[in-house]
Amino acid sequence: MKKIQGLAAVALATALLVGCTIQGGHETKVEALLARMTLAEKLGQLQQLVPSGGNITGPDGGVLDTEELIRAGLCGSILSEQDQEKLLHYQKIAVDSTRLGIPLIFGYDFIHGARTTFPENLALSCSWNPELVERTAAVAAQEAAAFGYHWTFSPMCDVAIDPRWGRVSEGSGEDPWLSGQLSAAMVRGYQGKDLSSPETILACVKHFAAYGAAEAGRDYNTVDMSELMFRDRHLPSYKAAIDAGALSVMSSFNDFMGVPASGNKWLLTDLLRDELGFNGFVVSDYNAVTEMCAHGVAADWKDAAGKALNAGLNMDMVDGAFVIHGEQLVKEGIVSEKTIDRLCREVLLVKQELGLFDDPFQYGSKDKWENDVYRPESIQTAREAARESMVLLKNEGVLPFKGTERIALIGPAGASKSYTTGAWSGMAEPEKAVSFLEGLQERFGSVRYEQGSSDFEAIEGGIQRAQKLARQSDVVLMALGLPSDYGGEAASLASIDIPEAQRELFDAVAATGKPIVLLLSTGRPMTIAEETERSAALLVTWHAGIQAGNALADILSGDFNPTGRLTITFPYSLGQVPIHYNHKVTGRPNPGPQATGRYFSRYMDVPNEPLFTFGEGLSYTTFAYSEIEIPEPEIRMGEDVKVRVKVTNTGSVAGTETVQLYLHDLVASTTRPVRELKGFERVTLSPGESRTVEFTITPELRSFCRADMSTGEEPGDFEVFAGHDSRAALSTRFTVR
Ligand code: NOJ
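Numbered per this note's numbering, the sequence shown spans residues 977 to 1713.
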C-alpha cells in the first residue's frame, strides 16, 4: 500500500504538470499514447480493481483504494461495481482528472443475461440452437451496456464432464465441438458486428485452460492431463470462440501441466497467441496471479507478478501485484519494458475497438438502465430460450395435458422465483421472474400449490398437506432439485442426489399412487434413477430464467412441443463419474450386459451406461431415420465427404427434431473416442413429413491430435452414425485415401 501511494504521488505530480487528453487516428493513436506513458501508467493499464462496494468473490478484494489509483492513472479496469453512479464517477476521474485521460474498461459477469435472465448456459446449450444462443447474448450485451458495462466474462468454454463441479452450469456441456459452436455464437452475440456500438460489449473466453477438468469436480482444484487429451477435448471449444473474434481471454485458476495458467507461457503465448493467433488481451481470474504463491510456484507477489507478465498475461484481476511490483521488476531486468509495452498496447487497442477513446460515456446512463431493459422482444427471447432449453426425458403419455386435469404443484421449486435465476445471474431481479406456479395458473387456471418441504429440510405438516393435495388431484407436478446458489462457482458437491427432505416428500406423494410429473430444477446432472422410475414423466427444467413459468406452461399445455436435447450425461450413479458419451474404447470394451466373464472394462454393480445420455430428449411426436447414404464413400485427404439421412415425423403432431451426426475413426495413430458429434441440424416436420438432411464432413472435422502432437487428419476408414442421440444406430462408412 505504501508503495502504491508513492506511485500515485509521482503520477499525480506528472498529471498536474502535463494535463491533456488523447486525440488522433487509430493504431497510431495508441502508439502515440504509449510513447507518452510512464512505466507506472503502463502498468496501471494492466491492473483491474474491484472497488470495496463491488461484488467480491474471492478471499481478497477491494483492498486497494480504487479511487486513488484511478486518479493516479494506475488502474485500467474496474470489476463488478454495482452502483451505476460510481461507475460513471470513476470514468469521469479517469478521463478528466488523469494525466492522459485514458478511459477505464468496466467488466462484470453477465453470463446468462443482465436484467432479462435467461436459462443458465448449460440449459441454453440443450437448445442446440446457436441462433437463439446468439440472441440471448446480444440481449445481455445491450442491457449490460445500458448500465455502463463494456465487458462480460463469458462465454465459459470449459468442457466439463463432472457433475460434482458446480460450474458445469456455466458451460455448454461435454462435447468440445458443440461447446465451441455455442461459445462462438455467444461471442457473436456479445460483440455484434461493431464492437464500438453502445449496444455491444467485449466477450471473454474463459477459463483458459482446461478448468473444466478440475480434479474430482472440486472448484479451484488442480488439472492434469496429457497434451493430446487437452488438444482433442478441451482446446477446440476455446479455439472456436477465439476464431469467432473474441478479443479477451481469461486465464484460469488451475495449474496446467504443472504451471498455473496465469504464469504459463506455453498457454498464454506459445499456444494462444502464436498458434491460435489471438490478438486481444488476457485477464487473469480473480487473484489468480498472487495465488501462484499458494500453488507453490512463486515465492512472493513480486515473483508471481514477474512470472505472469513474462508469460503474457495482460491484466491482473484484483490483487494489485502488477502496480505494486511492476516497476521494480523492470528495474531489476526481470521483465523488460518492451514486454510491458506490448501488454499495454494490447489492452489499449481493445479499448480503442470498444470506442472508448471516442466517447467514454456513450455506453450506460441512468435513463437507459431504467428504461431500456426488459424490451418486449428480450422477454420473448427469454421465453423461447427457456422452453427450448427444457429437456423431456420420460413421458408415459401424461403430457401434454388435455386441460381438464386437476393439477397439483408440489415442491420447493414450484412457487420460488429464486430457483429461476440460476447461479451468477448478473443483475437479475428475481421478483420480476414468472414462477412455475404463476405461469401454470395463468395458463391452466386453478393449479393448486403446496411447498411440501424446503430445499434441504422438512417443514412441519408439509408432507401431510402435500399428500392431501395429491389425493385431490389427477396429476402431480413435483418441482424438486437444487437451488440456484447450489451451482456455479465454489459450489462443488460430493452427492448429486435430490436432497433428502425432498426425496422424503417425493416418496410420500408417490405413495398416494397419483401420476407424478417430475420437474427437475438444477444447474447440473443429478442422480435420479429411482425418482425417474417412479414418475410418469420427467422434464428437466433447469434454472430457466425470467420466463420460467410461462415456458413451462407452453410445454405442459402442448402449445410448444419440446425440442431440448441433453448436452451432458446424467449418470446412473455417481460412481460412474467421469462418464460421457465420447469416451475411448479401451482394449477390453464392455461386450454388453449379457456377456459373461469378468475381465472387461465394466462395473460389477452398475451398468456402464448412464441414466440419460448426450443428445437425448423426447418430443410429443416421434421420428424415424432411414436411408443413410454417402454418395462418394471414397475420398482423398483434404476433401469433403457428404452424408445424407432421411428423417420422418412418425407421430401425430408437428415437431422439431435435432438430427445428430457422429463419427468414429476406426484406426488411427492415437486412440479415438467411440463416437464424436460432427454435425447437427434442427428440422421441423409435420406429421408424416420426411426430409433428407445433408451433412458435410470436412477435413477439419476429421482432424485430431495425432501421435506426433500435430493436429490434422489421417487416411483410413470411418463409421458415421446419424440419428436422434449419441446412441444413433443407423450407420454407414467411408474411406479417406
Ligand atoms: C471468478 C470466476 O472464476 C470467473 O469466472 C469470473 O469471471 C471472475 N471471478 C470475475 O467475477
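Beta carbons are placed, not taken as given, at the ideal position from N, Cα and C, and that holds for glycine.
Do residue j and residue i count as a contact pair if the criterion is CB distance below 9 Å?
i	j	result
residue 1361	residue 1129	no
residue 1460	residue 1395	yes
residue 1340	residue 1123	yes
residue 1639	residue 1594	no
residue 1369	residue 1225	no
residue 1591	residue 1542	yes
residue 1510	residue 1450	no
residue 1227	residue 1183	yes
residue 1693	residue 1710	yes
residue 1210	residue 1189	yes
residue 1533	residue 1518	no
residue 1718	residue 1501	Past the boundaries of the shown model lies residue 1718; the chain is included only from 977 to 1713, so the question cannot be answered.
residue 1384	residue 1440	no
residue 1503	residue 1473	yes
residue 1398	residue 1527	no
residue 1387	residue 1434	no
residue 1464	residue 1146	yes
residue 1579	residue 1551	yes
residue 1229	residue 1196	yes
residue 1131	residue 1087	yes
residue 1282	residue 1310	yes
What do you get for residue i, buried or exposed, if any count of 16 or more other CB atoms within 10 angstroms of its CB means buried?
i	result
residue 1302	buried
residue 1570	exposed
residue 1413	buried
residue 1691	exposed
residue 1642	exposed
residue 1084	buried
residue 1561	exposed
residue 1698	buried
residue 997	With a pLDDT of 36 at residue 997, under the threshold of 50, the predicted position of this residue should be treated as unreliable, though the coordinate-derived value follows. When all chains shown are included, residue 997 counts as exposed.
residue 1347	exposed
residue 1466	exposed
residue 1422	exposed
residue 1672	exposed
residue 1193	buried
residue 1612	exposed
Mapping DSSP to helix, strand and coil, what is residue i?
i	result
residue 1212	helix
residue 1632	strand
residue 1298	helix
residue 1102	coil
residue 1440	helix
residue 1280	helix
residue 1223	coil
residue 1649	strand
residue 1560	strand
residue 1654	strand
residue 1201	coil
residue 1126	coil
residue 1732	What is shown of the chain runs 977 to 1713, which leaves residue 1732 out entirely.
residue 1695	strand
residue 1687	strand
residue 1163	helix
residue 997	Confidence at residue 997 is low in this model, with a pLDDT of 36, below 50, so its placement is unreliable and the value that follows should be read with caution. Residue 997 falls in the coil class under three-state DSSP.
residue 1146	helix
residue 1115	helix
residue 1426	strand
residue 1285	helix
residue 1083	strand
residue 1292	strand
residue 1250	helix
residue 1701	coil
Compare the C-beta of residue i with all C-beta atoms of chain B and state if any pair is closer than 9 Å.
i	result
residue 1548	Among the protein chains of the structure shown there is no chain B, as only one such chain exists.
- Message: Using a Cβ distance threshold of 8 Å, determine whether the region 1483-1497 contacts the region 1322-1330, with at least three qualifying pairs required.
- Response: No contact exists between the region 1483-1497 and the region 1322-1330.
- Query: Using 8 Å as the threshold, is the region 1623-1642 in touch with the region 1657-1671, meaning 3 or more CB pairs across them?
  - Reply: Contact check between the region 1623-1642 and the region 1657-1671: three or more CB pairs, one atom from each, fall below 8 Å, which counts as touching.
- Message: So, does the region 1420-1438 touch the region 1541-1559, judging by three or more C-beta pairs under 8 Å?
- Response: Because the criterion of three Cβ pairs below 8 Å is not met, the region 1420-1438 and the region 1541-1559 do not touch.
- Contact between the region 1194-1209 and the region 1167-1179: three or more CB pairs below 8 Å? With a cut-off of 8 Å, the region 1167-1179 and the region 1194-1209 do not count as touching, because too few Cβ pairs lie within range.
- Are the region 1109-1122 and the region 1058-1071 touching, with three or more C-beta to C-beta distances below 8 Å? Contact fails: fewer than three Cβ-Cβ distances are below 8 Å.
- Task: Count the CB pairs spanning the region 1237-1257 and the region 1284-1297 that are closer than 8 Å, and state whether there are at least three.
- Result: Because the criterion of three Cβ pairs below 8 Å is met, the region 1237-1257 and the region 1284-1297 touch.
- Do the region 1020-1032 and the region 1042-1058 make contact, defined as three or more Cβ pairs closer than 8 Å? Yes, they touch.
- Message: Tell me whether the region 1250-1259 and the region 1312-1326 touch, counting them as touching only if at least three CB pairs, one residue from each stretch, are closer than 8 Å.
- Response: The region 1250-1259, when compared against the region 1312-1326, does touch it at the 8 Å Cβ threshold.
- Message: Does the structure place the region 1088-1107 close enough to the region 1152-1171 that three or more beta carbon pairs sit under 8 Å?
- Response: Short answer: they touch.
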